[in-house]
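Trainee:
This is how it looks when you write it as structure tokens:
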């Protein structure tokens, strides 16, 4: 079984959002593209499809981005792969939309076994949650630069926050 690059990128996006989930974090396409070195155009398509499938919600605007709709513990890797992967045909005879040019097709049992193999593959992915797909969250957060981004955001918020509500100096007369 071979997964497409599109599915690989889709899993990466979901893992990135899972790492941001504990803080209710929103991630932008530019942020994810920068972390993984993936084309913005690819990510736009992936984000759109994940939103349509109900995995994520997106918000437009300055504070916008994408975030998970469900906890990472409630999303299986199998669910994600089924949405991203368009064709699970292992051999040509799996695809019922094409004419079968195999002379042994009517007498072949191999395709049934291959169907079962694909089912077993997907079943195995169904047993793993998105949270479990990230072996070392603290390492992943560091490698992807999520920790630094959190610090930058919290520093920016503390710098722009007004202090005390007035501009008077302590002890100054009115």
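Residue numbers (the numbering used here): 23 to 196. The beta carbon of each residue, even a glycine, is placed where N, CA and C say it ideally should be. No experiment lies behind these values; they were computed from the predicted model shown.
#1: With burial defined as no fewer than 16 other Cβ atoms inside 10 Å of the residue's Cβ, what is the status of residue 36: buried or exposed?
#2: Does the beta-carbon of residue 67 have 16 or more other beta-carbons within 10 angstroms, so that it is buried, or is it exposed?
#3: Among the candidates 85, 77, 159, whose CA atom is the shortest distance from the CA of residue 96?
#4: With a cut-off of 8 Å on the beta carbons, I'd call residue 29 and residue 106 a contact; round off their distance for me.
#5: For residue 98, report the span of its alpha helix (DSSP H) as first-last.
#6: By Cβ distance, which residues of its chain are closer than 8 Å to residue 52, with the 5 residues on each side in sequence left out?
#7: Measuring alpha carbon to alpha carbon, tell me which residue in 27, 146, 42 is nearest residue 101.
#8: May I have a chain-ordered list of the beta strand (DSSP E) segments no shorter than 3 residues that lie completely inside the stretch 56-86?
#9: Do residue 80 and residue 69 have their C-beta atoms closer together than 8 Å?
#10: Sort out for me which residues DSSP pairs residue 49 with in a bridge.
#11: Could you tell me if residue 47 is buried or exposed, where buried requires 16 or more neighbouring beta carbons within 10 angstroms of its beta carbon?
#12: Between the Cα of residue 99 and the Cα atoms of 156, 130, 50, which residue gives the shortest distance?
Mentor: Reading from the atomic positions:
#1: For this step, residue 36 is matched to residue 14 along the chain shown. Looking at its Cβ environment, which holds 16 or more other Cβ atoms inside 10 Å, residue 36 is buried.
#2: Start at 1 with the first residue of the chain shown, and residue 67 comes out as number 45. Under this definition residue 67 is an exposed residue.
#3: Indexing the chain shown from 1 puts residue 96 at position 74. Closest option to residue 96, Cα to Cα, is 77.
#4: Numbered from its first residue, the chain shown carries residue 29 at position 7. Numbered from its first residue, the chain shown carries residue 106 at position 84. Between residue 106 and residue 29 the Cβ distance is about 4 Å, and since that is below 8 Å, they are a contact.
#5: The count along the chain shown starts at 1 and reaches residue 98 at position 76. Counting along the chain, residue 98 falls outside any alpha helix (DSSP H), and DSSP gives it neither H nor E.
#6: Position 30 of the chain shown, counted from the start, is the residue given in the question as residue 52. 62.
#7: Here residue 101 refers to the residue found at position 79 when the chain shown is read from its first residue. Closest option to residue 101, Cα to Cα, is 146.
#8: For the stretch 56-86, whole beta strand (DSSP E) runs of length 3 or above, ordered along the chain, are 78-81.
#9: The sequence position of residue 80 within the chain shown is 58, counting from 1. The sequence position of residue 69 within the chain shown is 47, counting from 1. Taking 8 Å as the Cβ cut-off, residue 80 and residue 69 qualify as a contacting pair.
#10: Numbered from its first residue, the chain shown carries residue 49 at position 27. Partner(s): 88.
#11: Start at 1 with the first residue of the chain shown, and residue 47 comes out as number 25. So residue 47 ends up on the buried side.
#12: On the chain shown, residue 99 is found 77 positions in, with the first residue counted as 1. Nearest C-alpha to residue 99: 156.
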